[in-house]
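Everything below concerns the one structure shown next.
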Amino acid sequence: MEKITKRRIAKTDLVVLRGDITTQDTDAIVNAANSGLRGGGGVDGAIHRAAGPVIDRECRAYVEEHGKLPPGRAMWTDGGNLPAKYVIHTVGPIYRSDEESEPVLRSAYRESLRLADNLAITSISFPAVSAGVYGYPLDKAARVAVTAVSDCLRQGESSIRLVQMVCFSEASYAAFSRALTAV
Ligand code: ADP
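Per our numbering: the sequence shown = residues 844 to 1026.
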């Protein structure tokens, strides 16, 4: 049976599921990018590989024009060969402490949702930003992610009707499900 945990927040379904973000057919998927937008390991590498060269080109052009993307900010590219129409690239914090890192992680989710609203799309998938090589403790990363997203959805009129938190591992799924139940 496919594993899914679901909550309704205002007009939006917030869903936690196990899966691979590169196969999601939401309007946008979010990439846990690095500031140089050069692709890399983890979910970033998987998205760049699956999307094909178009997002490498757009990322390079963005950095040439605007410079590196700071942690907590977001930009978007085409989805290339992905089922998703757009990739929203955000940079999470490298975990240092809750005081320092939590506001930046919250901002990464908030800025991604703001971009999605600007694009007037209705569905988006997030990975567990910063919870891999950037070292954010999984339970904390999940709690920050779910509260940041639900706060945004409760605050304003959003075009988004579906937000998926796509968990690659069972541990990640368990952490995000717990966070969703507590929110
Ligand atoms: P960060 O540098 O922000 O920590 P990582 O890519 O190292 O980013 O990890 C972020 C999360 O993405 C981790 O929980 C990792 O298990 C997960 N992940 C890796 N590949 C995929 C994928 N294809 N789909 C969804 N999540 C993935």
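From the three backbone atoms N, C-alpha and C, an ideal C-beta is built for every residue, glycine too. These figures come from a predicted structure and were not determined experimentally.
Could you check how far apart the C-beta atoms of residue i and residue j are, in whole angstroms? I think they sit under 8 Å.
i	j	result
Val859	Phe1019	4 Å
Ile890	Ser968	At roughly 11 Å, the Cβ-Cβ gap does not stay under 8 Å, so Ile890 and Ser968 are not in contact.
What does residue i pair with, by DSSP beta-bridge criteria?
i	result
Val930	Ile872, Thr920
Leu998	The residue you asked about is not Leu; residue 998 is Gln in the sequence shown. Note: Gln998 sits in no beta bridge, so no partner.
In the DSSP assignment, find the unbroken beta strand (DSSP E) run with residue i in it and report its ends.
i	result
Lys849	847–852
Phe969	966–969
Can you look up residue i in the DSSP assignment and give me helix, strand or coil?
i	result
Asp856	strand
Leu1005	strand
Arg903	helix
Arg861	strand
Cys1010	strand
Alpha helix (DSSP H) containing residue i: first to last residue?
i	result
Gly885	885–894
Tyr1016	1013–1025
Pro946	941–961
Run the proximity test for residue i: is its beta-carbon closer than 8 Å to any non-hydrogen atom belonging to the ligand ADP?
i	result
Gly935	yes
Thr869	no
Ser1012	yes
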